[in-house]
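For reference, the structure is listed below as structure tokens.
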Amino acid sequence: MSYLYKLAGEKLEMAEADLRGFLRSQELDDKIVRNKRIAETEVEPLQIRRLAYTHEVCEKIVEKELDEDIDHEAEGHYAVRAVKIGDTDHDTQEWERRIGRELENDENEVDLDHPENEFRVYLF
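Basically this note's numbering = 1-based index in the sequence shown + 12.
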């Protein structure tokens, strides 16, 4: 299982060093793969509040090209939040709606105000 860390954009090298130091302090594998502001590790994060230069941490569910369908089922009430990473012309609202429709089925429901699950989409 992979975890994604959205790093502070102002000081990426410092943010990556902060994450690497945190992983080492927890005696975890400090191998990090970074694409712009998103860092990825294979270890489950512990004591996340200690990361000064990380804005959010989430479990990676799927990685797809934008023209591929998503093979994942959402449960309960959910919301989709798209975030631009770097310079991109993608319309975040358009992607939130599109992916929200792909995740929708008879057993779940979109709830933008109080979702049980929130799906982050990082657009590069």
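Yeah, the Cβ is synthetic: ideal placement off N, Cα and C, and Gly gets one too. Values in this document were obtained by computation on a predicted structure and should not be read as measured data.
In this structure, the alpha-carbon of Val92 lies about 19 Å from that of Arg49. His84 and Glu71 have their alpha carbons spaced roughly 13 Å apart. When the beta-carbon positions are compared, Ile44 and Glu68 stay at least 8 Å from each other. A direct Cα-Cα distance of roughly 18 Å separates Asn117 from Glu80.
Under the DSSP assignment, Thr53 falls in the beta strand (DSSP E) whose first and last residues are Ile50 to Thr53.
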